[in-house]
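Written out below as structure tokens is the structure these notes cover.
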Amino acid sequence: AWTAANIADALVEQVREQVGDGRAICGLSGGVDSAVAAALVQRAIGDRLTCVFVDHGLLRAGEREQVQQDFVAATGARLVTVDAVETFLRELDGVSDPETKRKIIGREFIRSFEGAVSAELGDSAAHGESIDFLVQGTLYPDVVESGGGTGTANIKSHHNVGGLPEDLQFSLVEPLRLLFKDEVRAVGRELGLPEEIVARQPFPGPGLAIRIIGSVTPDRLETLRHADAIAREELTTAGLDAQIWQCPVVLLADVRSVGVQGDGRTYGHPIVLRPVSSEDAMTADWTRLPYDVLERISTRITNEVREVNRVVLDVTSKPPGTIEWE
Ligand code: XMP
């Protein structure tokens, strides 16, 4: 029978057969798919799996901790965190063009991941072992989209993750490749992953960098992270998470407007709320959030986030707008 427990058991067994007594490596993004794939493989082969998490400094509040603490606590997985925050910020310094941001982030991500993989390979070699398997959270829709190929490829060229060099050859372990998203979530719950990970809404690989309209600086990241945390908290408190596909919170870093607070004039930045409803992100409609929720978010952001004196709502569908602003 189709139950999450049966599926999980069968997938764990498949991974055991495929990997045998070999070793595997898995990149964690903070998202659902890589977390569930890693949890399955961890259950199958234990410490012979190494998870790698690259912190590029563009994540939202609490997301690094979610991987380092909650994911590890739930799975017992061996995790290597690469702190690449300074490198990413240096490379992004002064860059405001969206596609250039994406290119830099993609390139640096690969570089950081490769660095960690090479270190792990060296470590294993010193113990007379090798790492032959790369775990990926490929889902059925990804398989269909890419023509169904599999095998000994290097890292899938996703729009935010490129390839490993030719000399790093891995066999792919893709335990989720016959599943749809809701099935992946069910399996994740079955494996004991926390709801914050399993129910996570989509979040782009380039992270907050493409939600700062303008160049990326530590101060701007802090401002956006704070505003985003407030919006997410209020949406969750209002019980609206399941109705929203995702809600980008965007900082218009190059725009200022006049405001008044206390008895002083302010000259701060606007924050844009972009709540959308969607089936697959190909098209989307703006979500009609209740006014009282919007009011709470606006009041809190303008009170609590020093640089922000205005909150605006994006009421554009996709098309013609995209979900993200960059
Ligand atoms: P757009 O803005 O194109 O977004 O309507 C559609 C969906 O894709 C996500 N998105 C990205 N995801 N890397 C990603 O991994 C990216 O560069 C990227 N750009 C957009 C977006 O969050 C939405 O879910």
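Going letter by letter, the sequence shown gives residues 211 to 536 in full-length UniProt numbering.
Where is the CB? At the ideal position from N, CA and C, for every residue including glycine.
For the alpha helix (DSSP H) holding residue i, just list the boundary residues, first then last.
| i | result |
| --- | --- |
| Ser381 | From DSSP, Ser381 is part of no alpha helix (DSSP H) but of the beta strand (DSSP E) over 381-383. |
| Arg435 | 428-447 |
| Thr509 | 501-514 |
| Ala218 | 214-229 |
With DSSP as the reference, label residue i as helix, strand or coil.
| i | result |
| --- | --- |
| Ile365 | Unreliable placement is indicated for Ile365, whose pLDDT of 39 sits below 50; no coordinate value is reported for it. |
| Phe413 | coil |
| Ile454 | coil |
| Leu349 | coil |
| Ile422 | strand |
| Gly469 | strand |
| Asp342 | coil |
| Ala329 | helix |
| Arg498 | coil |
| Ser334 | helix |
| Ser488 | coil |
| Gly372 | Low confidence applies to Gly372: its pLDDT is 43, below 50, so where it sits in the model is not reliable enough to give any reading. |
Residue i and residue j look like a contact to me (Cβ under 8 angstroms); what is the Cβ gap, rounded to whole Å?
| i | j | result |
| --- | --- | --- |
| Ala247 | Leu344 | About 11 angstroms; that fails the 8 angstroms criterion. |
| Pro414 | Glu534 | 6 angstroms |
| Leu238 | Val251 | Leu238 to Val251, Cβ: 12 angstroms. No contact. |
| Val521 | Ile511 | 5 angstroms |
| Leu462 | His479 | 6 angstroms |
| Ala254 | Arg226 | 5 angstroms |
| Asp315 | Ala419 | Looking at the sequence provided, one finds Ile at residue 315 rather than Asp. Contact holds; Cβ gap of about 6 angstroms. |
| Gly417 | Leu269 | 6 angstroms |
| Ile523 | Leu483 | First, the amino acid is wrong: residue 523 is Leu here, not Ile. Confirmed, about 5 angstroms. |
| Gln276 | Glu406 | 6 angstroms |
| Val242 | Arg395 | 6 angstroms |
| Glu318 | Ala294 | 7 angstroms |
| Arg233 | Ile341 | 4 angstroms |
| Leu389 | Leu349 | 6 angstroms |
| Glu384 | Ile217 | Actually they are not in contact, since the Cβ atoms of Glu384 and Ile217 sit about 15 angstroms apart, beyond 8 angstroms. |
Looking at the secondary structure, which residues open and close the beta strand (DSSP E) in which residue i lies?
| i | result |
| --- | --- |
| Val482 | 474-483 |
| Gly237 | 234-238 |
| Val525 | Counting along the chain, Val525 falls outside any beta strand (DSSP E), and DSSP gives it neither H nor E. |
**Request:** Tell me the start and end of each unbroken alpha helix (DSSP H) in the region 385-410 that is at least 4 residues and wholly inside, in chain order.
**Result:** 391-400, 405-408
**Prompt:** Counting pairs of beta carbons, one from the region 438-456 and one from the region 396-403, are three or more of them closer than 8 angstroms?
**Reply:** no
**Request:** Taking only runs that begin and end inside the region 242-312, name each unbroken alpha helix (DSSP H) of 4 or more residues, in chain order.
**Result:** 242-255, 282-285, 295-302
**Asked** Pairing CB atoms from the region 498-515 with CB atoms from the region 416-429, are three or more of them under 8 angstroms?
**Response** no
**Message:** So, does the region 323-336 touch the region 289-302, judging by three or more C-beta pairs under 8 angstroms?
**Reply:** yes
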